[in-house]
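Written below as structure tokens is the structure these notes are about.
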Amino acid sequence: MNNVLVVDDDAHIRSALGITLRANGYTVSTAPDGESALVSAAQHPVNVVILDLGLPDIDGTTVITRLRKWSGVPILVLSARHGSNDKVQALDAGADDYITKPFGFDELLARLRALLRRSLEPDETPVITTDAFTVDLALHRVLRDGKDVSLTPTEWNILELLVCNPEKLITQQQLLSEVWGAAYGKEANYLRVYMAQLRRKLEPEPGNPRHLLTESGIGYRFQP
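The working numbering puts the first residue of the sequence shown at 65, with every later residue one more than the last.
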């Protein structure tokens, strides 16, 4: 379950990633452009895709969209594009996480391990436990210090979406569309208010959260 497809038009990056990943126990295949990446993913088993967005033939976001039509394989975007719009578009297209270049190999390997863990875990995880609070999805119940925490329906819906996708970056638009509906996709102020409320109720230090994290200008991430 450690087959990685690296898609990047830079031969030096493909080589460096291949060496590092193989040294850490992964089997690696590579592709220099989007079309060959799609062919490779269709012909050979792959457990995670590391994808650059700036490809010479088709944009990486298009690769994600086409891949998502028939595959749920985890996708880690590795791109020199630093703009939040590029990140949001890639994540909304179906990417699971995003790292910008230049990058550290330690962070990339950690993100890769997180994606592979999630792909191996059962779809149903009724109880999620952190060192600060516990969420029972089946009972719609949240406990902190052994006591029930009262959440509004909106707070619960936000928390549920985050804890069901541990360590995954969920964009503001995804959260707003899922919780309030597609018409509210740009109302980021709604999220700021409710995330502040959730942190006050669940985080030991709301001003320095450990579990409900903000990716500035992009979205939020649940860190167990």
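Each residue gets a CB set at the ideal place from its N, CA and C atoms; glycine is no exception.
Outcome for residue i when other beta-carbon atoms lying within 10 angstroms are tallied against a minimum of 16
i, result
"V257", "exposed"
"K211", "exposed"
"T125", "buried"
"D209", "exposed"
"K250", "exposed"
"L203", "exposed"
"D200", "exposed"
"G50", "This structure gives no information on residue 50, because the portion of the chain shown stretches from 65 to 288."
"R263", "buried"
"E219", "buried"
"R175", "buried"
"D170", "exposed"
"V191", "exposed"
"P166", "exposed"
"P273", "buried"
Inter-residue CB distance, residue i and residue j (contact presumed, cutoff 8 Å)
i, j, result
"A157", "R132", "7 Å"
"V141", "N111", "Incorrect: roughly 16 Å between the Cβ atoms, too far for contact."
"L225", "E242", "6 Å"
"I139", "D121", "Their Cβ separation, rounded to whole angstroms, is 18 Å, which puts I139 and D121 out of contact at 8 Å."
"E267", "A196", "6 Å"
"T164", "S148", "Wrong, their Cβ atoms sit about 11 Å apart, outside the cutoff."
Same chain, Cβ closer than 7 Å to residue i, five either side skipped, listed in chain order
i, result
"V70", "R78, L81, G82, V92, T94, I114"
"L173", "N88"
"L102", "V127, R130, L131"
"P270", "R263, R264"
"L233", "L155, D161, Y162, E279, I282, G283, R285"
Close Cβ partners of residue i (< 8 Å) along its chain, the five nearest in sequence each way excluded
i, result
"V152", "T235, Q236, Q237, I282, G283"
"M259", "I222, L276, T278, Y284"
"D123", "G98, L117"
"Y248", "L240, S241, Y254"
Reduced DSSP category for residue i - H, G, I as helix; E, B as strand; rest coil
i, result
"K265", "helix"
"S93", "strand"
"V127", "helix"
"D57", "Outside the shown range of the chain, which is 65 to 288, sits residue 57, and nothing can be said about it."
"N253", "helix"
"V103", "helix"
"D161", "strand"
"V243", "helix"
"V110", "coil"
"I77", "helix"
"I222", "helix"
"P217", "helix"
"S135", "coil"
"F169", "helix"
"P186", "Note that P186 scores a pLDDT of 48, beneath 50, so its modelled location is shaky and nothing firm can be said."
Any non-hydrogen atom of the ligand ZN within 8 Å of residue i CB
i, result
"S241", "As presented, the structure is devoid of all ligands, the ligand ZN included, so that no description of it is given."
Beta bridge counterpart(s) of residue i as assigned by DSSP
i, result
"R205", "D200"
"Y284", "I234, T278"
"T193", "T198"
"D212", "L207"
"L115", "V71, V141"
6 Å Cβ shell around residue i - same chain, five flanking residues per side excluded
i, result
"L119", "D73, D97, G98"
"E231", "A178"
"R145", "L117"
"Y90", "N66, V68"
"P109", "N67"
"L207", "T198"
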